[in-house]
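Below is one structure, written out as structure tokens; comments come after it.
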Amino acid sequence: MVEPAVSSVVGGIKDLAVQETTLLCGVIGEAGFLKDELQRLQGFLKDADTKQRSGSESAAIWVSQIRGAAYEAENVLEDVDHMKKRSRLKKGIVGAISSDLPNHYLKSCFLYLAVFPEDYSISVLDLIELWIAEGFIPHTTKRKQEQIARKYASELAQRSLVQVVSKCEAHGWIEKIRVHDSLHDWCVEEARYAGFVDVVDSTSGHVGESSSNTMISYRSSFQNYRDGKMNPATPNLRTLVGFGLSSFSLPKLRFLRVLHVEKSSLINFGSAISGCIHLRYLRLRWCEHVTLPSSIGQFLYLQTIDLRDTRLESVPNSIWDIPTLRHVYLERGFSAPKNCPPKELQSLHLDIPDEEVNCFETLPKDSFGSKCCDLVFTPLRSGGWMEVEAMPRLSRLVLGTICWNTKLLPEGLLHLPSLKELELHLQDMDLISEDDVTLKKLRGKGCKVTIL
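According to UniProt numbering, the residues represented by the sequence shown are 1 to 452, in order.
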């Protein structure tokens, strides 16, 4: 009678041992089951100790093995208990810091960092545009949303919730931040528990599954996802973020508002987003096989479009018909607007060859509207596109990778009446002399010139 019973218990212990690694990874519910099994084993051992005296050698061996397995189970439980205590301590510290944030806007901004992979260097400029598109930045009459968002990023850094990776030499703004590993884990867990964001990572599994069926997240972040086809938790998904996705097919999500994808290969992308008329933010960086639908001009809520370092044949000229565009980042394959660009346009980043810059010389004088204040050209070999009154409201100009064959700044810079900041990225630091006439005149009228 002893041997069959002991054999059955040992079989159960074997299965539990296989799960030990999973237990130590934090599946605390399994620890309770193991504890119950251990208590039953202890009761069985007391009874088996007396029965083995009947002379059964095999029963004695089984009892010895069970006793060893029971000791191992006790060690596992102690390790899990230690992990739980450390986790509670960590949650207590980080939770206290998080709860001390002054408003729910800032707390949402902090939790949103869970959408980025661990150890990822986050561009503050990208983050600001994401926060605004998500509705985390309040509207005020005194300050622009971008200014409030930049203040939020600085406050998170001051509270040591993020680490500053780099700052802009020109004006001291924080350029890139990073989240410490332990804080990142907390963000992911807290965001999951609150149904704030769902994180899926092929290297660690579905780490962000909602805590209950009633807490459905409308945001998903796919990191290093290799399964090809994405099946978000809900067809009403509002936000989709992806990093390192290998040949994935995007499902049709008609309510999508935010789409941020990096270093990925996209299949049938154009048809998948053709109906995303609610899209507010579209950023595709270092992506392949991308095609944009001709209907993109009907995305009447789109605020940000970033296609830098992404391979595509062409950009539909209808993007200039989108009235809400605020930030545009383009490279080759696009055409200049035939008429005036959107009135809400605030920043235009163009990484284009010099021969294509001439397309801007044919635009109307006030082609960039009354609110466009930030323009970036990379690279640049001439300044012929700058004409009198061409950009009357342009306040900040960045000229990247300048390599023109002269040591003189173009006089056209003096034709920009509202220019307050000029940032020059030179291949040769000695290219522009401090005695340059245009440089002196710019500084003389209050323009801050930074040469990098």
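Just so it is clear, CB atoms sit at the ideal spot from N, CA and C, and this is done for glycine as well. Treat the numbers as computed from the prediction; the structure is a model and nothing was measured.
Between residue i and residue j, how many whole angstroms is the CB-CB distance? I'm expecting something under 8 angstroms.
i, j, result
"I267", "S246", "In fact, because the Cβ distance is near 10 angstroms, the residues do not count as touching under 8 angstroms."
"F269", "T239", "So it is not a contact: roughly 17 angstroms between Cβ atoms."
"P293", "S314", "Contact flag wrong, Cβ pair sits at about 12 angstroms."
"V328", "L345", "7 angstroms"
"V162", "I148", "Contact doesn't hold; Cβ gap of about 17 angstroms is too wide."
"R150", "I128", "6 angstroms"
"L397", "L375", "5 angstroms"
"I296", "S318", "6 angstroms"
"I174", "A157", "6 angstroms"
"C287", "L253", "C287 to L253, Cβ: 17 angstroms. No contact."
What separation, rounded to the nearest whole angstrom, lies between the Cα atoms of residue i and residue j?
i, j, result
"V437", "K263", "44 angstroms"
"V258", "R326", "15 angstroms"
"R393", "A133", "25 angstroms"
"S210", "S433", "Here S210 scores only 46 on pLDDT, less than 50, and its place in the model is too uncertain to base an answer on."
"S370", "S395", "With a pLDDT of 46 at S370, under the threshold of 50, the modelled position of this residue cannot be trusted; read the value that follows with caution. C-alpha separation (whole angstroms): 11 angstroms."
"H425", "L408", "14 angstroms"
"L256", "T324", "17 angstroms"
"G412", "L125", "28 angstroms"
"L130", "D435", "42 angstroms"
"S249", "N236", "17 angstroms"
"A17", "L183", "At A17 the pLDDT is 43, less than 50, meaning the model places this residue with poor confidence and gives no usable figure here."
"H349", "L284", "14 angstroms"
"Y105", "G172", "24 angstroms"
"G244", "Y225", "7 angstroms"
"P410", "L416", "12 angstroms"
"V197", "V241", "10 angstroms"
"L422", "K440", "13 angstroms"
"E331", "R308", "6 angstroms"
"V188", "S154", "21 angstroms"
"E146", "D201", "31 angstroms"
"T310", "C109", "27 angstroms"
"T140", "H289", "40 angstroms"
"D321", "K144", "24 angstroms"
"C25", "W186", "Any reading at C25 must be qualified, since the residue scores a pLDDT of 41, below 50, and its modelled position is unreliable; the value itself is stated next. Spanning the two alpha carbons is a distance of roughly 15 angstroms."
"L419", "G444", "12 angstroms"
"C447", "V179", "35 angstroms"
"L101", "L399", "38 angstroms"
"I305", "H260", "10 angstroms"
"I451", "F334", "29 angstroms"
"K142", "V199", "36 angstroms"
"S271", "V449", "45 angstroms"
Per the DSSP calculation, residue i is bridged to which residue(s)?
i, result
"I174", "K167"
"D126", "Per DSSP, none; premise fails for D126."
"Q223", "D201 and F243"
"R238", "Note: R238 sits in no beta bridge, so no partner."
"T450", "E423"
"L113", "Per DSSP, none; premise fails for L113."
"R396", "D374 and E421"
- Item | Meets three-Cβ-pair contact criterion under 8 angstroms: the segment 215–226 and the segment 108–128 | yes
- Query: Is the segment 160–175 close to the segment 120–135, with three or more CB pairs under 8 angstroms?
  - Reply: yes
- Item | Inside the UniProt domain "Disease resistance R13L4/SHOC-2-like LRR" (248–348) only - beta strand (DSSP E) runs reaching at least 3 residues | 258–262, 281–285, 304–306 and 327–330
- Item | Three-pair Cβ contact test at 8 angstroms for the segment 293–304 versus the segment 273–285 | yes
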